[in-house]
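Working notes, beginning with the structure itself.
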Amino acid sequence: KTDDIFCHYSTILLNIQIRIRDFRTLLSKNNGEWDFAEYEEFLRFSASAMDHCNQAAMQMYHNSYRQ
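What follows is the structure in structure tokens.
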């Protein structure tokens, strides 16, 4: 179970890194027009993925270790 969580956690973090790379590429090609929809989608994905990772990580530890 722990291995599955770590594997899933790593995959999510990799996806976030890929999105950050893609978003940085988009910014580098910016021609002065800001695409708010693309930016909002990026933020939504990142926030959702990090929340999912945090929930998965919390499942790995007993309640006594949580703060």
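Residue numbers (the numbering used here): 230 to 296. We put the CB at the ideal spot given by N, CA and C, even for glycine. It should be emphasised that the depicted structure is a prediction, and the values quoted were computed from it without experimental measurement.
If you look at residue 289, you'll find it isn't in any alpha helix (DSSP H); DSSP assigns it neither H nor E. Each of 275, 289 and 287 was checked against the Cα of residue 246, and the nearest Cα belongs to 275. Excluding its 5 nearest sequence neighbours in each direction, residue 278 has C-beta neighbours in its own chain below 7 Å: 241, 244 and 245, listed in chain order.
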